[in-house]
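Engineer:
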Amino acid sequence: MHISVIGSGYVGLVTAACFAEFGLQVTCMDQDPRRIAALESGEIPFYEPGLHDLVGKGRQAGRLTFTTNLTQAVEQALVIFIAVGTPPRDDGSVDLSAIEAVATGIGREMTSYKVIVTKSTVPVGTGRQVISWIESSLREPVRFDVVSNPEFLREGSAIEDFIRPNRVVLGAERDESVAILKDLYQPLYLIETPIVVTSLETAELIKYASNTFLATKISFINEMSVLCEQVGADVRLVAKAMGLDGRIGSKFLHAGPGYGGSCFPKDVDALVATGKEHRCEMGIAKAAVDANVRQKTRMVEKIRTALGDLNNKRIGVLGLSFKPNTSDIRESPSIAIIRLLLKEGAHIQAYDPEAMRETAQQLPELKLCSDSYEVSVDADAIVLATEWNQFRNLDLERIKTQLRTPIFIDLRNVYQPARMAKMGFQYWSIGRPSLPPA
Ligand code: UGA
130 MHISVIGSGY
140 VGLVTAACFA
150 EFGLQVTCMD
160 QDPRRIAALE
170 SGEIPFYEPG
180 LHDLVGKGRQ
190 AGRLTFTTNL
200 TQAVEQALVI
210 FIAVGTPPRD
220 DGSVDLSAIE
230 AVATGIGREM
240 TSYKVIVTKS
250 TVPVGTGRQV
260 ISWIESSLRE
270 PVRFDVVSNP
280 EFLREGSAIE
290 DFIRPNRVVL
300 GAERDESVAI
310 LKDLYQPLYL
320 IETPIVVTSL
330 ETAELIKYAS
340 NTFLATKISF
350 INEMSVLCEQ
360 VGADVRLVAK
370 AMGLDGRIGS
380 KFLHAGPGYG
390 GSCFPKDVDA
400 LVATGKEHRC
410 EMGIAKAAVD
420 ANVRQKTRMV
430 EKIRTALGDL
440 NNKRIGVLGL
450 SFKPNTSDIR
460 ESPSIAIIRL
470 LLKEGAHIQA
480 YDPEAMRETA
490 QQLPELKLCS
500 DSYEVSVDAD
510 AIVLATEWNQ
520 FRNLDLERIK
530 TQLRTPIFID
540 LRNVYQPARM
550 AKMGFQYWSI
560 GRPSLPPA
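Under the working numbering, the letters of the sequence shown match residues 130 to 567, in that order.
In structure tokens, the structure reads:
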């Protein structure tokens, strides 16, 4: 079967490469000629483990092709995935102009039956709008179906999440389109992946409900971490014991500097905005947002408590991406904290394994270091902001020698307080008692 994916961003490219891996013939279309030219020469515009090889494999097998031509993408495919950006507006609602442009473009080009699938995260009601955008742009009467198939991929493990998902959600109106989509996902039958078939509206809401619930879980444990610090409890053990209750589960209970990325912050805001539109107060989602904003300022307070006045202090920051294994710095807590530190007059020197180029564009005033160790040279403290694996086994003696004062602020609870104190660090972490150096 031939399918097309419109949009070669993070979701689009992973979807296209993985469906090609499933054996389908995939055309990935993007209106940006430079991006398509780069993809055609084997360049991936962002870092995602395994994606470079998977795209290469698909291209070599002739199953994955790139184009800027929408007519071609529509003509060839029975199923067309829309995976374009849905950026936030200032009021938290979602800007659907790219979806509208693609939907009307598809409508104009369609000459035979197609299934149009929204993969992008779109507010409830968008599927119906897509139907009317397509209907109003058709040049001749053509049958089509619209399906909502939200993605649940995590950056950094997107391929694994696509190939071994917990579930596939299909929001559709008619059995014919569901059967076609089930066919696409056939390889997942072997691993007994549950497929949840719902209405368009329910599928759209499942995505927001899932992301908001996970964000709320993180905000909950982050708030608990503050109380832990006040009463001398250990948030890691609180989370561990909570997580052992099967009803709660252990995932997404790691206290840290707050959630970031291109999804949680935007999606929780969008759910609150949708609630407002329908006169339905989303109080819990709002509280999760507020707790997340507070968490970042708390991190700066923590650094201030450890260092005193931040003016002219030199701080080494390890990790810039919003989480490990990605070059993405969108809504990264590390970047938000750095901005606040810079405002207080601190000098920052930072390193990240993959997100240096992105950071240099956004924060040219930052001193970027060539490795994990240069960050500590002559610094008044080290802040571990993103838990890349290579920061888990640092040569701590070397870091201590290079630092002006042995202050280590671990915003991801990577190291053990007792060990750090024994090594002579003033060690600060999240939701755990800080021990004085031994
Ligand atoms: C998230 C969801 O996990 C995916 O299922 C979803 O498909 C995706 O959004 C999306 O809507 O496209 P992602 O943003 O890639 O995926 O990253 P996560 O692994 O969920 O992490 C989000 C943020 O939460 C990161 O800043 C991470 O550091 C933070 N986090 C996560 C914590 O602070 N604690 C945790 O226990 C887990």
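By construction, the Cβ of each residue, glycine as well, lies at the ideal position given by its N, Cα and C atoms.
Run the proximity test for I347: is its beta-carbon closer than 7 Å to any non-hydrogen atom belonging to the ligand UGA?
Structural biologist: Counting from 1 along the sequence shown, the entry for residue 347 is found at position 218. Yes, the ligand UGA has a heavy atom inside 7 Å of this Cβ.
Engineer: Does the structure place the stretch 424 to 442 close enough to the stretch 399 to 412 that three or more beta carbon pairs sit under 8 Å?
Structural biologist: no
Engineer: Would you mind reading off the limits of the beta strand (DSSP E) that contains S133?
Structural biologist: Sequence index remark: in the sequence shown, residue 133 carries index 4 (1-based). Counting along the chain, the beta strand (DSSP E) containing S133 begins and ends at 131 to 135.
Engineer: Run the CB neighbour count on G187, radius 10 Å, all protein chains shown included, and call it buried at 16 or more, exposed below.
Structural biologist: Here residue 187 corresponds to residue number 58 of the sequence shown, with the count starting at 1. Label assigned to G187: buried.
Engineer: Buried or exposed, going by whether 16 or more other CB atoms sit within 10 Å of the CB of L373?
Structural biologist: As a working mapping, residue 373 is identified with position 244 in the sequence shown. So L373 counts as exposed.
Engineer: Taking G236 as the reference, give the member of K529, F151, A508, R268 with the closest Cα.
Structural biologist: Walking along the sequence shown from the start, residue 236 turns up at place 107. For G236, the nearest C-alpha among the options comes from R268.
Engineer: Just to check my reading of the structure: P462 and A514 have Cβ atoms closer than 8 Å, yes? What is that Cβ distance to the nearest angstrom?
Structural biologist: Counting from one through the sequence shown, the residue named residue 462 turns up at place 333. Counting from one through the sequence shown, the residue named residue 514 turns up at place 385. Cβ atoms of P462 and A514 come within 8 Å of each other, at about 7 Å.
Engineer: Counting along the chain, where does the alpha helix (DSSP H) carrying Y337 start and finish?
Structural biologist: To locate residue 337, count along the sequence shown from 1; it is residue 208. Here the alpha helix (DSSP H) through Y337 covers 329 to 360.
Engineer: Please determine if the stretch 534 to 543 and the stretch 553 to 562 are in contact, where contact requires at least 3 C-beta pairs separated by less than 8 Å.
Structural biologist: Touching, per the Cβ criterion.
Engineer: For the ligand UGA, is there any heavy atom lying closer than 7 Å to the beta carbon of L343?
Structural biologist: Along the sequence shown, read from residue 1 onward, the residue named residue 343 stands at position 214. Answer for L343: yes, Cβ within range of the ligand UGA.
Engineer: With a 10 Å radius around its C-beta and 16 neighbouring C-beta atoms as the bar for buried, classify A475 as buried or exposed.
Structural biologist: The residue labelled residue 475 in the question sits at position 346 within the sequence shown. Buried.
Engineer: Mapping the DSSP letters down to three states, classify L193 as helix, strand or coil.
Structural biologist: Working through the sequence shown from its first residue, we reach residue 193 at position 64. Strand, per DSSP.
Engineer: Going by DSSP, name the residue or residues bridged to D539.
Structural biologist: Working through the sequence shown from its first residue, we reach residue 539 at position 410. According to DSSP, which records beta bridges pairwise, D539 is partnered with L513.
Engineer: To the nearest whole angstrom, what separates the beta carbons of I288 and C157, a pair I think is in contact under 8 Å?
Structural biologist: By one-based count along the sequence shown, residue 288 stands at place 159. By one-based count along the sequence shown, residue 157 stands at place 28. Here I288 is actually not in contact with C157; their C-beta atoms are around 15 Å apart, not less than 8 Å.
Engineer: Following a CB-centred definition, is D396 positioned closer than 7 Å to any heavy atom of the ligand UGA?
Structural biologist: Translated into the one-based positions of the sequence shown, residue 396 becomes position 267. Yes.
Engineer: So is K380 buried or exposed if we call it buried at 16+ other beta carbons inside 10 Å?
Structural biologist: What you label residue 380 is simply residue 251 of the sequence shown in a count that begins at 1. Counting Cβ neighbours within 10 Å, K380 comes out exposed, since fewer than 16 surround it.
Engineer: Quick one: does the C-beta of G179 sit closer than 7 Å to a heavy atom of the ligand UGA?
Structural biologist: Along the sequence shown, read from residue 1 onward, the residue named residue 179 stands at position 50. Not so, every heavy atom of the ligand UGA lies at least 7 Å from the Cβ.
Engineer: With a cut-off of 8 Å on the beta carbons, I'd call N340 and G387 a contact; round off their distance for me.
Structural biologist: The residue labelled residue 340 in the question sits at position 211 within the sequence shown. The residue labelled residue 387 in the question sits at position 258 within the sequence shown. Under the criterion of beta carbons closer than 8 Å, N340 and G387 do not qualify as touching, at roughly 15 Å.
Engineer: Compare the Cα-Cα distances from A368 to each of G375, H383, T247, M552 and report the closest residue.
Structural biologist: Here residue 368 refers to the residue found at position 239 when the sequence shown is read from its first residue. It is H383.
Engineer: Name the one or two DSSP bridge partners that S277 has.
Structural biologist: The sequence position of residue 277 within the sequence shown is 148, counting from 1. Paired residues: T247, G300.
Engineer: Grab the span of the beta strand (DSSP E) containing A479 for me, first residue to last.
Structural biologist: Stepping through the sequence shown from its first residue, residue 479 is reached at position 350. Looking at the DSSP string, the run of the beta strand (DSSP E) that includes A479 is 476 to 480.
Engineer: To which residues does DSSP link W557 through a beta bridge?
Structural biologist: Along the sequence shown, read from residue 1 onward, the residue named residue 557 stands at position 428. According to DSSP, which records beta bridges pairwise, W557 is partnered with I538.
Engineer: Taking the alpha-carbon positions, what's the A370 to R548 distance?
Structural biologist: In the sequence shown, residue 370 corresponds to position 241, counting from 1. In the sequence shown, residue 548 corresponds to position 419, counting from 1. Rounded to whole angstroms, A370 to R548 spans 23 Å at the Cα level.
Engineer: Strictly under 8 Å for the Cβ-Cβ distance: is P217 near chain B by that measure?
Structural biologist: Going by chain labels, chain B is absent from the structure shown, which holds only one protein chain.
Engineer: When every heavy atom of the ligand UGA is checked, does at least one fall within less than 7 Å of the C-beta of R283?
Structural biologist: Counting from one through the sequence shown, the residue named residue 283 turns up at place 154. It does: the Cβ of R283 is within 7 Å (strictly closer) of some heavy atom of the ligand UGA.
Engineer: Cβ-heavy atom distance between G385 and the ligand UGA below 7 Å?
Structural biologist: In the sequence shown, the residue the question calls residue 385 occupies position 256. Yes, since a heavy atom of the ligand UGA falls inside the 7 Å radius drawn around the Cβ of G385.
Engineer: Taking only three categories from DSSP, how would you classify I173?
Structural biologist: As a working note, residue 173 is residue 44 in the sequence shown. Three-state result, I173: coil.
Engineer: Note down, in chain order, each residue of its chain lying with its Cβ closer than 6 Å to the Cβ of L532, except the 5 sequence neighbours on either side.
Structural biologist: The residue labelled residue 532 in the question sits at position 403 within the sequence shown. Sequence-distant Cβ neighbours of L532 in its own chain, meaning closer than 6 Å and more than five residues away, are S505, A508.
Engineer: Short of 8 Å in beta carbon distance, which residues of its chain neighbour T488, apart from the five on each side in sequence? Order them along the chain.
Structural biologist: What you label residue 488 is simply residue 359 of the sequence shown in a count that begins at 1. Counting only Cβ-Cβ distances below 8 Å, and skipping sequence neighbours, we find L449, I458, I464, A479, D481, L495, L497.
Engineer: Let me check understanding here. Comparing Cα to Cα, which of A167, I466, G300 lies closest to T196?
Structural biologist: For this step, residue 196 is matched to residue 67 along the sequence shown. For the residues A167, I466, G300, the minimum Cα distance to T196 belongs to A167.
Engineer: By Cβ distance below 6 Å, which residues in the same chain neighbour V298 in space, the five residues on each side in sequence not counted?
Structural biologist: If you number the sequence shown from 1, residue 298 lands on position 169. Hits under 6 Å: P279, V325, A332, I335.
Engineer: According to DSSP, is N160 part of a helix, a strand, or is it coil?
Structural biologist: Position 31 of the sequence shown, counted from the start, is the residue given in the question as residue 160. Checking the sequence shown, residue 160 turns out to be Gln, not Asn. Reduced to three states, the DSSP call for Q160 is coil.
Engineer: Give the secondary structure of R464 by DSSP, where H, G and I count as helix, E and B as strand, and everything else as coil.
Structural biologist: Residue 464 sits at position 335 when you count from the first residue of the sequence shown. A small correction: the amino acid at residue 464 is Ile; Arg does not occupy that position in the sequence shown. In the three-state scheme derived from DSSP, where H, G and I count as helix and E and B as strand, I464 is classed as helix.
Engineer: DSSP on F114, reduced to helix/strand/coil?
Structural biologist: Summary: the structure shown does not reach residue 114, with the chain confined to residues 130 through 567, and so no result is reported for it.
Engineer: Can you tell me which of the three DSSP states V208 falls into?
Structural biologist: Looking up residue 208 in the sequence shown gives position 79. Reduced to three states, the DSSP call for V208 is strand.
Engineer: Given 7 Å as the limit, tell me if F148 has its C-beta closer than that to any heavy atom belonging to the ligand UGA.
Structural biologist: Translated into the one-based positions of the sequence shown, residue 148 becomes position 19. Outside the cutoff, so no.
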